């Protein structure tokens, strides 16, 4: 029997690079290879500008749509070479692309990185643009992880909170022995986004490695309360967010408040870290009390934030009755989880399976998400 | 046997509206229904701005990507209703979308009108984004009509020049009894684009109906020579063009030249019309002389320009030895031809067939063009 392999490619809100996995889904996901690559600086700068600026140069935007596809193609080819695989060994690539706008209230979203270009360049079928269909019929186009979490990470004996701490943090609640309709999932708010930008600005580092800076700082409770008051954290799910709410403007406000209070750079990082920890911990208020009472509950954490030990310690302290493990401990490398999910989304498209839960995205019905561009090697 | 029906949707450079056909391809194309609809004024204005301005509002762009898909969905639903058909009667929609950038030199193109959104809204499979794959591998992403022309309009006894006069004019040369490798195709230059804008500006009409205005004017030979000197007209095929070369800047130069020469409004329209006629007629210099000598040659014309009698008369006069018929005369309604081709491109994607000719687009190889988004009704 021919083994079916898929590639998943993720570039998150934090733009910290391109994450790629090669995986099979014959039962529980099996990762054959993991690969990460930075985005070259000029392209990264342009992507960041598109994601943060109101007004853009349309020539540059369209050119970047293709430039990013060329980057993805290089990463795919390097990963295949390293894994000693050929294009024809891969059934399909699931491509998230780089989100430059996600406007759930306006029913519109856009990811850069052309799917048809990537399939033409790699000779592999590409499924991309997973969020648009959901949004066209009233959905938020997010979160997409819950179905993956449900299929592979649910437990019969324990409630599980599948927590991903990327640029934005999101959680999927899977009560013990849950059915599809029991799932609750939403973005809790900022993940690493605020911490990363501030660390970059004050310490010239891309992120607060291990949370060492935050650990040295002192959390400012006044400032924390001020930002915990944000309307988003009170809003009931379904809800999703991104740079629109927790981007430049939020950051400017955050820095201004810190300045007024004369906080040191490490105090600011500590407070930003606590904001992420608190909004994650506080988000449990949206989960059904009866489920939390009837079974023990554990967090299964993934995403770049898992490497921030201080952040993880804070979440554990804030939630003393809740278990805390990383997804690595149950067989899913935390850095690769989202890329892995997109590999599986590509499979789902080809198999005609749903990947969104209208209850969590708010879409009016279930549809097949994604758009398929054919590779040259696969069909002939 | 189940009859297979397809929908094709075209919105051209001139943005004169949405053209839709419902057709079958059981042998020669058979059009079941034709439908045209205007784009509502604010959306049309935004599309025009995106196509002509360097700097754009990215929120508005992304929202328009979806707004146009919603417009297409309305047109599809109206057309189905009028034709007494249901979504499930249609195998797929072939969607061109609205080109807002086409940058062959930079290997990038973008069409507005989200395919995944349209499939979600109609419940019909949609194939869209036909040009990106070709461009990613070195092609110009255009022209795409030649394969359609070759499959349905070639003749064994006569050379045929399949001429489409849309915003831009393009021709496909099919020598008598030709094989795929004999085909030559390229954009000749402006079609109705210059004429339409000037007519709108001077006479407050969307186009020069029947060429009546041009007929009253006097062609200015000096001015004509000046613009015929444009490098594009001398360039050998493969070549493709669009608003980038014959848009705002070209128009401004055209008007300035007319002003200097004190031309009347109708003289300007006459001269613009002659520019289109001459560049089409002159383009025959790029066709192999031996073919033109060995068989008689006829033009099969389509596109909005066919309704401009004066323009057609001028082309006939400039090419006294070449026959001239509209595609209507051989069974393809000239207004619907491009939409019809996109319906067929959707079929080609699903059947795994090539639609581009690397010799005419300059792509490095043949690939399957387009990207498939699944409808809800079709797969289940």
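Protein chains in written order, with this note's numbering: chain D, 1260 to 1639; chain A, 1260 to 1639.
Positions of the beta carbon are idealized from the N, C-alpha and C atoms, including for glycine.
Keep in mind it's a predicted model, so treat the numbers as computed, not measured.
- [ ] Quick one: measure Cβ to Cβ for residue 1413(A) and residue 1569(A), integer angstroms, because I've assumed they're closer than 8 Å.
- [x] Translated into positions along the second chain, residue 1413(A) becomes position 154. Translated into positions along the second chain, residue 1569(A) becomes position 310. Not a contact, Cβ separation roughly 29 Å.
Task: 9 Å Cβ cutoff, residue 1404(A) in contact with chain D - done: For this step, residue 1404(A) is matched to residue 145 along the second chain. Not an interface residue.
- [ ] Taking only beta carbons into account, state which residues of the segment 1440–1451 of chain A come closer than 9 Å to chain D, listed in chain order.
- [x] none
Task: C-alpha gap between residue 1405(A) and residue 1621(A), whole angstroms - done: Here residue 1405(A) refers to the residue found at position 146 of the second chain. Here residue 1621(A) refers to the residue found at position 362 of the second chain. So the two alpha carbons sit approximately 13 Å from each other.
Task: Per-residue DSSP class, three states only, for residue 1580(D) - done: The residue given as residue 1580(D) occupies position 321 in the first chain. Looking at residue 1580(D) - three-state DSSP - the assignment turns out to be coil, as it is neither helix nor strand.
Task: Inter-residue Cα distance where the pair is residue 1260(D) and residue 1445(A) - done: Taking the first chain and counting its residues from 1, the one referred to as residue 1260(D) is at position 1. Taking the second chain and counting its residues from 1, the one referred to as residue 1445(A) is at position 186. With a pLDDT of only 45 at residue 1260(D), under 50, the local geometry of the prediction cannot be trusted, and no value is derived from it.
Open item on the list: Do residue 1544(D) and residue 1560(D) count as a contact pair if the criterion is CB distance below 9 Å?
Closed with: Residue numbering aside, residue 1560(D) sits at position 301 when the first chain is read from its first letter. Residue numbering aside, residue 1544(D) sits at position 285 when the first chain is read from its first letter. No. Outside cutoff.
TODO: Please specify which runs of the alpha helix (DSSP H), each continuous and at least 4 residues long, are wholly inside the segment 1516–1568 of chain D, giving them in chain order.
DONE: The DSSP assignment places 1524–1541 and 1548–1553 as complete runs of the alpha helix (DSSP H) inside the segment 1516–1568 of chain D, in order along the chain (cut-off: 4 residues).
TODO: Determine the extent of the alpha helix (DSSP H) in which residue 1431(A) is found, giving its start and end residues.
DONE: Working through the second chain from its first residue, we reach residue 1431(A) at position 172. Bounds of any alpha helix (DSSP H) do not take in residue 1431(A); it lies within the beta strand (DSSP E) bounded by 1427–1433.
- [ ] Look up residue 1449(D) in the DSSP assignment and give the residues it is bridged to.
- [x] By 1-based counting over the first chain, the position of residue 1449(D) is 190. DSSP, once it has assigned bridges, lists 1427(D) as partnering residue 1449(D).
Open item on the list: With a threshold of 8 Å on Cβ separation, who are the neighbours of residue 1471(A) within its own chain once the five nearest residues in sequence on each side are excluded?
Closed with: For this step, residue 1471(A) is matched to residue 212 along the second chain. Closer than 8 Å at Cβ, skipping near neighbours: 1569.
Task: C-beta neighbour in chain A for residue 1307(D), strict 9 Å - done: The residue given as residue 1307(D) occupies position 48 in the first chain. False, the Cβ-Cβ gap to chain A never drops below 9 Å.
- [ ] Identify the contact partners of residue 1395(A) in chain D, using a Cβ-Cβ distance below 9 Å as the criterion.
- [x] In the second chain, the residue the question calls residue 1395(A) occupies position 136. Under the 9 Å cutoff, chain D gives 1325, 1328, 1329, 1332, 1373, 1375, 1376, 1377, 1378, 1379 and 1380.
Task: Best match in 1487(D), 1479(D), 1628(D) and 1604(D) for proximity to residue 1353(D) [C-alpha to C-alpha] - done: Counting from one through the first chain, the residue named residue 1353(D) turns up at place 94. Minimum Cα distance to residue 1353(D) is reached at 1604(D).
Open item on the list: Spatial neighbours of residue 1643(D) within its chain, please: C-beta separation below 7 Å, excluding the five flanking residues on both sides.
Closed with: A query on residue 1643(D) cannot be resolved here, the shown segment of chain D reaching from 1260 to 1639 and no further.
- [ ] Can you give me the Cβ contacts of residue 1423(D) inside the same chain, cut-off strictly under 6 Å, excluding the 5 residues immediately before and after it?
- [x] The residue labelled residue 1423(D) in the question sits at position 164 within the first chain. Hits under 6 Å: 1429, 1561 and 1562.
- [ ] Figure out for me which residue from 1596(A), 1434(A), 1488(A) and 1619(A) has the closest Cα to the Cα of residue 1289(A).
- [x] Here residue 1289(A) refers to the residue found at position 30 of the second chain. When only C-alpha atoms are compared, the closest one is 1596(A).
Open item on the list: Quick check: the Cα distance between residue 1270(D) and residue 1278(A), rounded to an integer number of angstroms?
Closed with: Along the first chain, one-based indexing puts residue 1270(D) at 11. Along the second chain, one-based indexing puts residue 1278(A) at 19. One C-alpha to the other measures close to 37 Å.
- [ ] Round the Cβ separation of residue 1634(D) and residue 1383(D) to the nearest angstrom and send it over; I've been treating them as touching at under 8 Å.
- [x] Translated into the one-based positions of the first chain, residue 1634(D) becomes position 375. Translated into the one-based positions of the first chain, residue 1383(D) becomes position 124. With a Cβ gap of about 4 Å, residue 1634(D) and residue 1383(D) count as contacting.
Task: Under 8 Å from the C-beta of residue 1348(D): neighbouring residues of chain A - done: Taking the first residue of the first chain as position 1, residue 1348(D) is located at position 89. Result: empty, since nearest Cβ-Cβ is about 19 Å, beyond 8 Å.
Task: Contact the segment 1331–1338 of chain D vs the segment 1293–1308 of chain A: 3+ CB pairs below 8 Å - done: no
Open item on the list: Quick check on the DSSP output: the beta strand (DSSP E) that includes residue 1489(D) runs from which residue to which?
Closed with: Translated into the one-based positions of the first chain, residue 1489(D) becomes position 230. No beta strand (DSSP E) contains residue 1489(D), which DSSP labels as neither H nor E.
TODO: Give the DSSP-derived three-state secondary structure of residue 1298(D) in the structure shown.
DONE: Position 39 of the first chain, counted from the start, is the residue given in the question as residue 1298(D). Of the three classes helix, strand and coil, the one that applies to residue 1298(D) here is coil, per DSSP.
Open item on the list: Short of 7 Å in beta carbon distance, which residues of its chain neighbour residue 1506(A), apart from the five on each side in sequence? Order them along the chain.
Closed with: Counting from one through the second chain, the residue named residue 1506(A) turns up at place 247. Excluding positions up to five away in sequence, the list reads 1311.
Task: Neighbourhood of residue 1458(D) by C-beta distance below 7 Å, restricted to the same chain and skipping five residues each side - done: Working through the first chain from its first residue, we reach residue 1458(D) at position 199. 1464, 1466, 1467, 1472 and 1528, listed in sequence order.
- [ ] Using beta-carbon positions only, say whether residue 1503(D) and residue 1390(D) come within less than 9 Å of one another.
- [x] Along the first chain, read from residue 1 onward, the residue named residue 1503(D) stands at position 244. Along the first chain, read from residue 1 onward, the residue named residue 1390(D) stands at position 131. Taking 9 Å as the Cβ cut-off, residue 1503(D) and residue 1390(D) do not qualify as a contacting pair.
Open item on the list: Starting from residue 1505(D), trace the alpha helix (DSSP H) in both directions and tell me its first and last residue.
Closed with: Along the first chain, read from residue 1 onward, the residue named residue 1505(D) stands at position 246. Residue 1505(D) -> alpha helix (DSSP H) spans 1502–1505.
- [ ] Determine the direct distance from the alpha carbon of residue 1516(A) to that of residue 1510(A), and round the result to whole angstroms.
- [x] For this step, residue 1510(A) is matched to residue 251 along the second chain. For this step, residue 1516(A) is matched to residue 257 along the second chain. Here the C-alpha atom of residue 1510(A) lies approximately 10 Å from the C-alpha atom of residue 1516(A).
Open item on the list: Restricting to Cα atoms, I'd like to know which of 1462(D), 1495(D) and 1533(D) is closest to residue 1479(D).
Closed with: Mapped onto the first chain, residue 1479(D) falls at position 220. Comparing Cα-Cα distances from residue 1479(D) to each of 1462(D), 1495(D) and 1533(D), the minimum goes to 1533(D).
Open item on the list: Is there a Cβ of chain A sitting closer than 9 Å to that of residue 1368(D), yes or no?
Closed with: Walking along the first chain from the start, residue 1368(D) turns up at place 109. For residue 1368(D), the answer is yes, since a Cβ of chain A falls inside 9 Å of its Cβ.
Open item on the list: For the alpha helix (DSSP H) containing residue 1472(A), name the first residue and the last one.
Closed with: As a first step, residue 1472(A) must be located in the second chain, where it is residue number 213. Start and end: 1471–1475.
TODO: Please confirm if residue 1345(A) has its CB atom under 9 Å from at least one CB of chain D.
DONE: On the second chain, position 86 is the one that residue 1345(A) refers to. It does not: the Cβ of residue 1345(A) has no partner Cβ on chain D nearer than 9 Å.
Task: 9 Å Cβ cutoff met for residue 1356(A) and residue 1327(A) - done: If you number the second chain from 1, residue 1356(A) lands on position 97. If you number the second chain from 1, residue 1327(A) lands on position 68. Their beta carbons are under 9 Å apart, which means residue 1356(A) touches residue 1327(A) by this criterion.
TODO: Could you name the residues of the segment 1309–1322 of chain A whose beta carbon sits closer than 8 Å to any beta carbon of chain D, in the order they occur along the chain?
DONE: 1309, 1312, 1313, 1314, 1315, 1316, 1317, 1318, 1320, 1321 and 1322
TODO: Could you run through the segment 1485–1518 of chain A and flag, in chain order, every residue whose CB is less than 7 Å away from some CB of chain D?
DONE: Cβ contacts with chain D come from no residue of the segment 1485–1518 of chain A.
Open item on the list: Beta carbons nearer than 8 Å to chain A: which residues of the segment 1350–1367 of chain D have them?
Closed with: 1359, 1360, 1362, 1365, 1366 and 1367
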